[in-house]
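Each residue of the sequence shown is one higher than the last, beginning at 2 in my numbering.
Ideal placement from N, C-alpha and C gives every residue a C-beta, glycine not left out.
Only a predicted model underlies this, so the values are computations on that prediction, with no experimental measurement involved.
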Amino acid sequence: VLVPSAFTVPTGSAHWSVLLRARAAEGQCYVFAAAQVGVHGPRRRSYGHSMAVDPWGEVAADAGGYGGLQRVGRGMVAEGAGCAGNEHDEPVP
2 VLVPSAFTVP TGSAHWSVLL RARAAEGQCY VFAAAQVGVH GPRRRSYGHS
52 MAVDPWGEVA ADAGGYGGLQ RVGRGMVAEG AGCAGNEHDE PVP
């Protein structure tokens, strides 16, 4: 799941990571979230913290509150590692 964002600093620091981790865990999917960062005029500052989160809700990468690029490769999770409920999957007749 790809998620764009432009949270302000107070809202982002309170909610951003928690929301992304919850989306990944409940959807049992990877979440890649690009977040606007920096000062945008005299009254607005964006939180930043672009992230990659795995299906267990673990943050694999956090770009912090600054601009730039961070690379997350396929090795983010061990090959064959499934989502939380995959061991309970049964074929549908």
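Item to check | Boundaries of the beta strand (DSSP E) in which residue 11 is found, first to last residue | outcome: Start at 1 with the first residue of the sequence shown, and residue 11 comes out as number 10. Counting along the chain, residue 11 falls outside any beta strand (DSSP E), though it belongs to the alpha helix (DSSP H) covering 10-28.
Item to check | Any non-hydrogen atom of the ligand MG closer than 8 Å to residue 61 Cβ | outcome: No copy of the ligand MG occurs in the structure displayed, which carries no ligand at all.
Item to check | Residue from 9, 21, 12 and 14 whose Cα sits closest to the Cα of residue 2 | outcome: Locating residue 2 in the sequence shown gives position 1, where the first residue counts as 1. Measuring from the Cα of residue 2, the nearest candidate turns out to be 21.
Checklist entry - Taking the Cβ atom as the reference point for each residue, do residue 26 and residue 4 lie within a distance shorter than 9 Å? => result Taking the sequence shown and counting its residues from 1, the one referred to as residue 26 is at position 25. Taking the sequence shown and counting its residues from 1, the one referred to as residue 4 is at position 3. No, the Cβ-Cβ distance between residue 26 and residue 4 is not below 9 Å.
Next on the checklist: Closest to residue 1 by C-alpha separation, out of 39, 50 and 41, would be which residue?
Outcome noted: Because the chain in this structure spans residues 2 to 94, residue 1 falls outside the shown range and cannot be described.
Item to check | Per-residue DSSP class, three states only, for residue 64 | outcome: By one-based count along the sequence shown, residue 64 stands at place 63. Correct three-state label for residue 64: coil.
Item to check | Bridge partners - residue 46, DSSP secondary structure assignment | outcome: For the purposes of this step, residue 46 is taken as residue 45 along the sequence shown, with counting starting at 1. DSSP output for residue 46 lists 40 as bridge partner(s).
Checklist entry - In whole angstroms, what is the alpha-carbon distance linking residue 10 and residue 38? => result Walking along the sequence shown from the start, residue 10 turns up at place 9. Walking along the sequence shown from the start, residue 38 turns up at place 37. Distance between the alpha carbons of residue 10 and residue 38: 9 Å.
Next on the checklist: Using 9 Å as the threshold, is the C-beta distance between residue 53 and residue 32 below it?
Outcome noted: Numbered from 1 along the sequence shown, position 52 holds the residue referred to as residue 53. Numbered from 1 along the sequence shown, position 31 holds the residue referred to as residue 32. Yes, they are a contact pair.
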